[in-house]
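**Student:** One gets the numbering used here by counting positions in the sequence shown from 1 and adding 4 to each.
We put the beta carbon where it would ideally sit given N, CA and C, even for glycine.
I have a structure here, written as structure tokens, and I will follow up with some questions on it.
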Amino acid sequence: MKTKTIIILSVVVMAGLLSATGLVVWNRYFRVYYGYKPLEFSKETWAAADAEHRGYMLNDLLKKHRLKGMTYDDVIDLLGKPDREHVDKTTGRVSSIHYGVGYLGMNPRAPLVFSSIFIINFDEQAKVEMFVVDS
């Protein structure tokens, strides 16, 4: 009887350990952010929002609008005045604009990052060349 109890207890402990390990692996490698509250993007809401609420709209913005190839004026019309502009000193043109997008949720790969920036880079024709979220 004692041996049977030990075997059952061992199986229960092993099942618990395997479940906990599976949960840790899932959260670490398959779920990127925790605490993220997705919101639908709208020009008006984005323009009035603080950085954190912009962050909640970012995924929807990128799904609904193809930014690559848009002109600087089109981006400003869509997103409003940026938080920061970087002007190329040699050409005098805007080479990138930055929007604060706040805290995008806990990222286990960067646990101490509490704020992110949405950076849009423009080419020589003032069209979006690339964009990135930098933490």
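Report the rounded CA-to-CA distance for D54 versus H90, giving the unit in angstroms.
**Tutor:** If you take the alpha carbons of D54 and H90, they lie about 21 Å apart.
**Student:** Could you pull the DSSP bridge partners for M134 from this structure?
**Tutor:** Per DSSP, N125.
**Student:** How many Å lie between I12 and T49 at the Cα?
**Tutor:** If you take the alpha carbons of I12 and T49, they lie about 57 Å apart.
**Student:** Considering only the beta carbon of each residue, do E61 and V132 sit closer than 8 Å?
**Tutor:** Looking at the sequence itself, residue 61 is Met, so the reference to Glu does not match. Contact: no.
**Student:** For the beta strand (DSSP E) containing E89, name the first residue and the last one.
**Tutor:** Counting along the chain, the beta strand (DSSP E) containing E89 begins and ends at 88-91.
**Student:** Relative to the C-alpha of T95, which residue among S14, F126, H69 is closest?
**Tutor:** Here the closest residue by C-alpha is F126.
**Student:** If we define contact as Cβ-Cβ less than 8 Å, is G84 a contact residue for chain D?
**Tutor:** Given the protein chain composition of this structure (a single chain), no chain D is represented.
**Student:** DSSP three-state call for G84: helix, strand or coil?
**Tutor:** Reduced to three states, the DSSP call for G84 is coil.
**Student:** Can you tell me whether S100 is buried or exposed? The criterion is at least 16 other CB atoms within 10 Å of its CB, across all chains shown.
**Tutor:** So S100 counts as buried.
**Student:** Would you tell me roughly how many angstroms separate the C-alpha atoms of D87 and Q129, rounded to the nearest one?
**Tutor:** Between D87 and Q129, the C-alpha separation is close to 22 Å.
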